[in-house]
Amino acid sequence: MDDLPVDPDINALEAISNSPPRRKTLYYSQQLRTMTGSQQPRHSNHPRNHSLDEIDILAAAAASEEDDFYRYPITTGSAGGATDMMDYVGMADGANGFDDSQLLPNQPLPEFVGSSGGAGVFKAPIRAAMHPNRPPCLEIRPHPLRESQGGKSIKTIASTCTQLWAGQESGVRVWKYSDTFDPGTFTGTAGRRLPRGDEETATFHESASTSQTLSLMVDEGTKLVWSGHKDGKVRSWKMDQQFTDGNAFKEGFSWQAHKTPVLSMTISFYGDIWTGTEGGAIRIWPWEALEKSLGLTQEERRMAALLVERSAIDLRAQVTVNGVCNISSSDVKYLLADNVRAKVWAAGSQTFSLWNARTRELLKVFNIEGQIENRVDMPSQEQPVEDEVNVKLVSKGKKDKSQGFLQRSRNALIGAADAVRRVAKGAGALVEDTKKIEAMMIAPDGAIWTGCTNGVLILWDGNGNRVQDFTRHPAAVQSICSHGSRIWVGYATGNIQILDLEGNLVTGWVAHNEPIIKLVVGHGHLFSLATHGGIRGWNISSPASTDSILRKELSERSAMYTRRDKVTIMVGTWNVSQGRASPTALKSWLGSAVSDVDIVVVGLQEVEMGAGFLAMSAAKETVGLEGSSVGQWWQDHIGKALDERSIFERVGSRQLAALLIAIWVRKTIRPHVGDLDVAAVACGLGRAIGNKGGVGLRLRVYDRLICFVNCHFAAHLEAVNKRNADFDHIFRTMTFTRSTHSNAAGMLRCLYLSCSLLLCIYLFWLLYSFGLPWLLIFAAGVSSANQALKNSNQTTSTSPEEARPDLAEADMIVFNGDFNYRLFGITYDETRDLVSQRSFDWLREKDQLRAEMKAGKVFQGMREALIRFPPTYKFEIGKPGLGGYDSGEKKRIPAWCDRVLYRDNKAGMAKECSLDCPVIAYISQYDACMDVIESDHKPVRCKLSLDIAHVDKTIRRQEFAKILTTNEEIRSSIDALRFVPETVVSTNNIELQNQDTSTLKITNRSAEECVFYKIVCIGLCSIKDDVKEPEYRPRGSFGFPRWLEVTPGAGLIRPDQVVDVTVHHEEFHKLEDLVEGVPQSWWAEDTRDKELILVVVVRGSCSTDVKTHHVTVRHRFNGNTIRIDAKTQEGNSHQKSV
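Anchor point for the sequence shown: position 662 equals 655 in our numbering, and the numbering is continuous, going up by one each time.
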């Protein structure tokens, strides 16, 4: 017997003293053992006298548990946990203590604090008026609640010299940098301020309603912002128009570019607009047609649109020969103009095509690995790749007779679930997520950078050759931007990293709490857009010494922009034992206690059980489906008890098999509550079945994150360690995401139902053949496969701060549920006796949860109010009063299984609510509804009162502006950013004949600083003898005429170095444009001498200003030397109009 292994749970119990408490003489022992007939005359007339609704609750005895409990707030003691408990010397609760009836309503109850909460992931997150680990930022648009958007969600941004433009679901909006620090106002359709989401946004102007904006680009040459929309239109917006209060500004010129959404846009080196859409389609809109259309009047707008639409060049049709297209059919997500080499890059999910911007010829098609593709197959030919692999695997499984039947069955289930998952996700699931292109940009030195979903950054040269890979962060790259010698990378984790041009990591910080989908530079700032629609501006020199000055001064002014609000939350938990509650029970439990409550959170356990249901739920989770009709029944009836139509609004819910959590918010505070995310963690068989586990909700309340987790832990008295492990697993692995209720229709729904039916038949056949346990094992296999898939898609972290779980980063966490911790070292009869005398202080000494919390093994650092109600488990269903405790054969010892615990921002016993400690909570009510008899558990409710401190973003933005303008050190630093190293251009006049080439030399005279240059054409005119002052007309985005080549058009000049730029005349006409060798078409260049002005724009490594050099280029026409491009003539035969 000595060799037998010792159960660790037994050791845990033996480590705690089993000596019985000293207690007073018992008077009702025999009566409580029977509780029937005439043997209980003292109790027969009032069987429900022990309901907490009818009796007073006594406070903690002053002489008994002073070290373990405290009335909130208290200024002494350790926050890490409780000290040793003191024995009770023959006294019942209330002796020498305080009666709760002496307390005023909503006063704090005594609380017990778990130990070990001050370190690791259980430590409350650090909060401050200004984030200590990132540069101060300018919040153009503070994080809006997701539910407040309603067609105003921002999808992309673009910056001009004086404005920031944003594309949203219903048009565009614009901020003037000069108005950035003013109190927020809004001019739109009705000339009123938006009710939700933009209350603290800087002053902006909004356009008239349009189709959803998907892409934006700035054209400084024409002073227009171009937008691509979901309806396939391209619209223009004037930068310099007068924005008036009360009026939404209107679009300018527009045309129907595609029948499908305009996903991407760019302006080429020659001023043409390129647009990309679904199916790999790319169209070019020549500048000549655009210029003529822009010159027409408002009345001629329809003619102008038709003129542009007919000028379209369809590149996909141009490279399709005999039905085979040489470019990919995947959506054109990115178009990038390489103005260094006069090329255009087009990118889908995994492939690129490279084009000559001048001749519009296809130069190269290659994949993300850099491998050249001579032919890109159609989508129907891509799909069998994965299916072929699956067929091989299945075939191999059939031949492998060595595999057991059970293993083969498990594999079949996993395969079936995987098939449903792939169909549910759509065709896009066939592309490897880790290799998708998510961002693309050209650096000032001419290098091309792309970012992928696996966090890899790829550096390409101008010819499409893969040069080098970098991995600076494991999360998906969502956006890239560059300015001078800096490259900013935005990740799905909300991080921003700064790299140099060689790809070396400079620094980084957490910029948002959601993925950063767009980065742009303007007005000396880097602007970042997150998926929630928030926009922040970061100084391009950050991190710098001025950041600490700005942070310090803003922190000192925190009292000016701190706002405080009070919120009352009621949390209810109930193990319903697969039953359904009566309206009276729900009213008694919830409806009677919500008169002063702002938020109601309800957690239910064992909503629906049974092997078939659990297995089916596991299969549904693999395809993102959750919920059941029974769960919906509970939500509907709880809603009726709360009067949700007139008083409360149901915000959301999450169900994992038998576990359900739902939340209701009072309509008066609904504008301040939102961003609901959900989560679920299974702890049942193989960490896969949802009979045990946790479901969570996370939401933002007055800009503070609060998480609610409903749990059901392992059962049985001896399973203490398993329960501790369940909590730890849930706390560390729970990951919140947006609700993913599937609304798939048609064939997808039929496919899912068919697969579900086959799966059920197969599972029940297994049940018949092998018994119940195997059913859950196979379901666990299916769910485990899905969990492995989810884990593979989650990113890992690179620092301890980033490694913190989602729950650890919340300002407040509330755990509720059937934790299943029991009473130890006490018999059934002794427990009944103590309950009858309400000697809960003695019973608490035998509470497993309290002992484990005190030892720092579970719920580290969390708090629970002093329990003053009878144990809530186990009762005989339908039997009222305390006589309903289990009296059957097993006689389960009553226990406080159903609990509510929380953790707020308090690092010590007491702290004032401030931006450093923004959420302070206390429990004002904690009781059980003993009169509810529909389950073997009694429902428990807990009322928490919160003080929440948050920032008034408008006031802080104004203080931000005051510091920038008054602090001399910061002003000096801003002035220093205007420095541009000295450069010299070799000439300011160039004269070319046909096919001539001239060299322009640009010299960097600085011995220390690099400079970056870009050459643009600010105007072109024809020389006329009768005109003294030529009229120079710019092309789109200051593009060049097609007869002029400037190479390289941009680049880097190192200290004391010289760059040679070739300026070459290249005549370019198509055969049909020529009559007897002379251009005739209206869009062709005429035969007169031409003159243009080149501007060499020079900036430093991190300059906010530029220096310019003007160079006049004159071309003298000679008709005898015109060269005709045969390739262009051949390609023209494939050109098609819209």
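For glycine and all other residues, C-beta sits at the position ideal for the given N, C-alpha and C.
Rank the options by C-alpha distance to the C-alpha of residue i and give the top, closest one.
i	options	result
Ala274	Ala611, His251, Gly483, Met433	His251
Lys613	Thr996, Ala650, Gln471	Ala650
Pro103	Leu690, Ile533, Leu894, Ser538	Leu894
Lys685	Ala718, Tyr170, Ala310, Gln918	Ala718
Ala468	Asn458, Thr486, Gly687, Arg459	Thr486
Trp889	Leu209, Arg843, Asn898	Arg843
Gly496	Glu1059, Trp481, Ser541	Trp481
Asn532	Ser548, Lys545, Ala681, Gly515	Gly515
Glu431	Ser621, Thr990, Leu692, Ser257	Ser257
Ser928	Trp219, Ser966, Tyr866, Ala942	Tyr866
Val211	Arg797, Leu157, Val587, Gly363	Leu157
Asp968	Ala330, Phe105, Gly517, Glu366	Gly517
Ala672	Thr1101, Leu692, Thr290, Pro1048	Leu692
Gln249	Ala297, Glu193, Arg189	Ala297
Arg716	Asn360, Ala954, His705	His705
Asp540	Glu366, Phe953, Thr947, Trp453	Phe953
Asp238	Ser200, Pro1023, Arg950	Ser200
Leu283	Pro1027, Val1052, Leu985	Pro1027
Ser575	Arg309, Ser229, Ile926, Ser1094	Ile926
Ser204	Arg189, Asp224, Asp191, Val218	Asp224
Gly1044	Gln364, Asp1053, Ala608	Asp1053
Can the beta-carbon of residue i be found less than 7 Å from the beta-carbon of residue j?
i	j	result
Gly624	Gln648	yes
Cys1014	Tyr1025	yes
Ala504	Ser478	no
Thr443	Asp891	no
Tyr1006	Val1089	yes
Gln1050	Asn981	no
Gly645	Leu669	yes
Gly810	Gly483	no
Pro974	Val1004	yes
Glu599	Ser570	yes
Val358	Ile320	yes
Ser208	Gly221	yes
Please classify residue i as buried or exposed, where buried requires at least 16 other C-beta atoms within 10 Å of its C-beta.
i	result
Val1071	A caution first: Val1071 carries a pLDDT of 43, below 50, which makes its placement in the model unreliable, though a value can still be read off. Exposed.
His709	exposed
Glu962	exposed
Leu386	Residue placement at Leu386 is flagged as unreliable, the pLDDT there being 34, under the threshold of 50; the coordinate-derived value follows with that caveat. With fewer than 16 other Cβ atoms within 10 Å, it is exposed.
Gly288	exposed
Asp897	buried
Pro279	buried
Val912	buried
Please report whether the beta-carbon of residue i lies at a distance below 7 Å from any beta-carbon of chain B.
i	result
Thr990	No chain B is part of this structure, which consists of one protein chain only.
How about residue i: is its Cβ closer than 6 Å to a heavy atom in the ligand PLP?
i	result
Arg465	This structure simply doesn't include the ligand PLP, nor any ligand for that matter.
Residue ranges of each beta strand (DSSP E) within the region 130 to 172, 3 or longer: 131 to 134, 147 to 152, 156 to 161, 164 to 169
Report the residue ranges of all beta strand (DSSP E) runs contained in full by the region 824 to 881; include only those spanning at least 3 residues, in chain order. 856 to 858
Enumerated in chain order, which unbroken segments of the beta strand (DSSP E) with a length of 3 residues or greater are wholly contained in the region 413 to 500? 430 to 435, 441 to 445, 449 to 453, 459 to 464, 470 to 476, 479 to 484, 488 to 492
Cβ contact (3+ pairs, closer than 8 Å) linking the region 156 to 174 and the region 134 to 148: yes
Using 8 Å as the threshold, is the region 319 to 326 in touch with the region 334 to 348, meaning 3 or more CB pairs across them? yes
Would you be able to state if there are at least three C-beta pairs under 8 Å between the region 228 to 243 and the region 984 to 1001? no
Can at least three beta-carbon pairs, one atom from the region 830 to 842 and one from the region 720 to 735, be found at a separation below 8 Å? no
Would you call the region 558 to 578 in contact with the region 532 to 546, where contact means no fewer than 3 C-beta pairs closer than 8 Å? no
Between the region 1022 to 1041 and the region 257 to 268, can you find at least three pairs of beta-carbon atoms closer than 8 Å? yes
Inspect the CB distances between the region 912 to 919 and the region 932 to 948 and report whether three or more fall short of 8 Å. yes
Is there contact here, the region 548 to 555 with the region 581 to 598, by at least three beta-carbon pairs under 8 Å? no
Are the region 868 to 880 and the region 133 to 143 in contact at 8 Å, needing three or more beta carbon pairs? no
Contiguous alpha helix (DSSP H) assignments of at least 4 residues, all confined to the region 619 to 647: 622 to 635
Alpha helix (DSSP H) runs wholly inside the region 957 to 985, at least 4 long, in chain order: 961 to 969
Taking the runs of the beta strand (DSSP E) that are 3 residues or longer, which of them lie wholly in the region 192 to 218? 197 to 199, 206 to 212
Mind the definition here: the region 111 to 124 touches the region 859 to 873 only if three or more C-beta pairs lie below 8 Å; say whether that holds. no
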